[in-house]
Amino acid sequence: MKLLCLSNGHGEDAIALRILQALQAHPVHPKVAALPLVGEGQTYIRHNIPLIGPAKRMPSGGFIYMDGRQLARDLQGGLLKLTWSQIRAIRAWAKEGGSILAVGDIVPLLFAWMSGAPYTFVGTAKSEYYLRDEVGLLPRQDWFERMENWSGSVYLPWERWLMNNPRCKAVFPRDTLTSQVLQKWQIPVFDLGNPMMDGLAPEGVQFYPSDQIPEAEQPLKLLLLPGSRAPEAYENWATILQALDSVMALFRRRKLLGLAAIAPTLDLAPLSQTLIEAGWQPQNSSPDLKFTQANTTLLLSQTAFTDCLDQADFAIAMAGTATEQFVGTGKPAITLPGQGPQFTLAFAAAQTRLLGPSAILVQQPDRVGETIQALLQDPDRLQLISENGRRRMGPAGAAKRIADCLIDRLSQ
Numbered sequence: 005m006k007l008l009c010l011s012n013g014h015g016e017d018a019i020a021l022r023i024l025q026a027l028q029a030h031p032v033h034p035k036v037a038a039l040p041l042v043g044e045g046q047t048y049i050r051h052n053i054p055l056i057g058p059a060k061r062m063p064s065g066g067f068i069y070m071d072g073r074q075l076a077r078d079l080q081g082g083l084l085k086l087t088w089s090q091i092r093a094i095r096a097w098a099k100e101g102g103s104i105l106a107v108g109d110i111v112p113l114l115f116a117w118m119s120g121a122p123y124t125f126v127g128t129a130k131s132e133y134y135l136r137d138e139v140g141l142l143p144r145q146d147w148f149e150r151m152e153n154w155s156g157s158v159y160l161p162w163e164r165w166l167m168n169n170p171r172c173k174a175v176f177p178r179d180t181l182t183s184q185v186l187q188k189w190q191i192p193v194f195d196l197g198n199p200m201m202d203g204l205a206p207e208g209v210q211f212y213p214s215d216q217i218p219e220a221e222q223p224l225k226l227l228l229l230p231g232s233r234a235p236e237a238y239e240n241w242a243t244i245l246q247a248l249d250s251v252m253a254l255f256r257r258r259k260l261l262g263l264a265a266i267a268p269t270l271d272l273a274p275l276s277q278t279l280i281e282a283g284w285q286p287q288n289s290s291p292d293l294k295f296t297q298a299n300t301t302l303l304l305s306q307t308a309f310t311d312c313l314d315q316a317d318f319a320i321a322m323a324g325t326a327t328e329q330f331v332g333t334g335k336p337a338i339t340l341p342g343q344g345p346q347f348t349l350a351f352a353a354a355q356t357r358l359l360g361p362s363a364i365l366v367q368q369p370d371r372v373g374e375t376i377q378a379l380l381q382d383p384d385r386l387q388l389i390s391e392n393g394r395r396r397m398g399p400a401g402a403a404k405r406i407a408d409c410l411i412d413r414l415s416q
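Residue numbers (my numbering): 5 to 416.
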């Protein structure tokens, strides 16, 4: 059995890798290969998953759908030539037999259909929560937004046609609500959870001696998420520090601990420089960078994301996947719009619809402190947020469940 995985983005690559690793651990494991349609595929390369065709980083970083100027830059950077080369590589691979796993949105799904091979689809980009919740359609501001549900689903008719094709053996939506809606069209849907929540077990890094200090004296722990793409993340960092200032101003009598989860792809130097310019004092610390100001300690870590996720009480976030993962642990994320190309006001608003009450969009950084204060004074709302986040993101273990189903469906 052979399986080719197509994915279109850094987050999609990571989700696909979890499924491929679960497949490799299966007793009837297929021979796997991959082709990242966006980026260079370092996620696959680092884990010895062979690439079957060309992979290249485009100027937009994969966000051409957010800005026409980004598309123009990608076209100048050779997007059409790269796409045609990738299609040819996929078709050549398919002629030798095997199946295709598409992870992401309509682009890998379309490429899988074009291959002529049997295929399956993990839909990471779309959710019915963008349009509705368990009660009904969400209120929208104008007629154009209300038209987003014109076809009865967040997935458009041509996307559903690709999922309903006889060669499509299984579709794995990201949540139960989306699965329920897609089942209306007799699509081979399997509601097995979201692999985004896999691999998040903490590794035991302790940022604060919690077992030695009474709970009442514990610091308020804030996860800071500026995103993973430069230079946008550096601009987001400055905005997040403004938000942190507002928290420090309101919580002068309580210790604060900022846990900045910084992507390994980012350079810590500009982040540190911004802190120093804002009056933060660097401290000797290893392996993480440590800064202090007033009642607050701030750690910058590129190696302990899951422990930051586990120990934080709130997130101040301007990120995509990491924000969703934090919400999935049952805790609230305060989000702030940025200049983009990813985390714009439109993106943040869409993410708020996706995550419901677990993501609180605050348009001004200086309002974040009062938002956190209000949440701490409302235990019923915090309980609602906890239940909502876990329901929308699902339990861990989805990658193995999907891998087991893939083996079963593709063996028929």
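Yeah, the Cβ is synthetic: ideal placement off N, Cα and C, and Gly gets one too.
#1: Beta-carbon separation of residue 168 and residue 187 under 8 Å?
#2: Where residue 118 and residue 95 are concerned, what is the direct C-alpha to C-alpha distance, given to the nearest angstrom?
#3: Out of 161, 194 and 339, state which residue places its alpha-carbon closest to the alpha-carbon of residue 174.
#4: Tell me which same chain residues have a C-beta within less than 7 Å of the C-beta of residue 203, skipping the five on either side of it?
#5: Would you mind reading off the limits of the beta strand (DSSP E) that contains residue 125?
#6: Using the rule of at least 16 other Cβ atoms within 10 Å of the residue's Cβ for burial, across every protein chain shown, is residue 97 buried or exposed?
#7: For residue 311 and residue 207, which I take to be in contact (beta-carbon distance under 8 Å), what is that distance rounded to the nearest angstrom?
#8: According to DSSP, is residue 19 part of a helix, a strand, or is it coil?
#9: Is it right to say residue 288 is buried, meaning 16 or more other beta carbons lie within 10 angstroms of its own, or is it exposed?
#10: Alpha carbon to alpha carbon, how far is residue 205 from residue 30?
#11: Are residue 158 and residue 12 close, meaning C-beta to C-beta below 8 Å?
#12: Give every residue of the same chain whose Cβ lies closer than 7 Å to the Cβ of residue 375, excluding the five residues on either side of it in the sequence, and list them in chain order.
#13: Looking at the structure shown, is residue 40 part of a helix, part of a strand, or coil, going by DSSP?
#14: Take every Cβ of the segment 398–407, pair it with every Cβ of the segment 367–387, and state whether three or more of those distances are shorter than 8 Å.
#15: Where do the ends of the beta strand (DSSP E) carrying residue 345 lie?
#16: What is the DSSP secondary structure of residue 286, reduced to helix, strand or coil?
#17: Along the chain, which unbroken stretches of the alpha helix (DSSP H) at least 4 residues long are found entirely within the segment 356–407?
#18: Within 7 Å: the Cβ of residue 273 and any heavy atom of the ligand NAD?
Reading off the structure:
#1: Position 164 of the sequence shown, counting from 1, holds the residue named residue 168. Position 183 of the sequence shown, counting from 1, holds the residue named residue 187. The answer is no: Cβ separation not under 8 Å.
#2: In the sequence shown, residue 118 corresponds to position 114, counting from 1. In the sequence shown, residue 95 corresponds to position 91, counting from 1. If you take the alpha carbons of residue 118 and residue 95, they lie about 8 Å apart.
#3: The count along the sequence shown starts at 1 and reaches residue 174 at position 170. Comparing Cα-Cα distances from residue 174 to each of 161, 194 and 339, the minimum goes to 194.
#4: The sequence position of residue 203 within the sequence shown is 199, counting from 1. Here the set comprises 22.
#5: Here the question's residue 125 lines up with position 121 in the sequence shown. That run of the beta strand (DSSP E) goes 123–127.
#6: Residue mapping note: residue 97 aligns to position 93 of the sequence shown, counting from 1. So residue 97 ends up on the buried side.
#7: Your numbering for residue 311 matches position 307 in the sequence shown. Your numbering for residue 207 matches position 203 in the sequence shown. Going by Cβ atoms, the distance from residue 311 to residue 207 rounds to 6 Å, so yes, they are a contact pair.
#8: Locating residue 19 in the sequence shown gives position 15, counting from the first residue. Of the three classes helix, strand and coil, the one that applies to residue 19 here is helix, per DSSP.
#9: Translated into the one-based positions of the sequence shown, residue 288 becomes position 284. With fewer than 16 Cβ atoms within 10 Å of its Cβ, residue 288 is classed as exposed.
#10: Counting from one through the sequence shown, the residue named residue 205 turns up at place 201. Counting from one through the sequence shown, the residue named residue 30 turns up at place 26. Taking the straight line joining both Cα atoms gives about 21 Å.
#11: Along the sequence shown, one-based indexing puts residue 158 at 154. Along the sequence shown, one-based indexing puts residue 12 at 8. Not a contact, by the Cβ cut-off of 8 Å.
#12: Locating residue 375 in the sequence shown gives position 371, counting from the first residue. Cβ within range, chain order: 338, 364 and 366.
#13: Sequence index remark: in the sequence shown, residue 40 carries index 36 (1-based). Of the three classes helix, strand and coil, the one that applies to residue 40 here is strand, per DSSP.
#14: When C-beta atoms of the segment 398–407 are compared with those of the segment 367–387, fewer than three pairs fall below 8 Å, so the two segments do not count as touching.
#15: Numbered from its first residue, the sequence shown carries residue 345 at position 341. No beta strand (DSSP E) holds residue 345; DSSP gives it neither H nor E.
#16: As a working note, residue 286 is residue 282 in the sequence shown. Residue state, collapsed to three classes: strand.
#17: 372–380 and 383–397
#18: Among the components modelled here there is no ligand, and therefore nothing to report on the ligand NAD.
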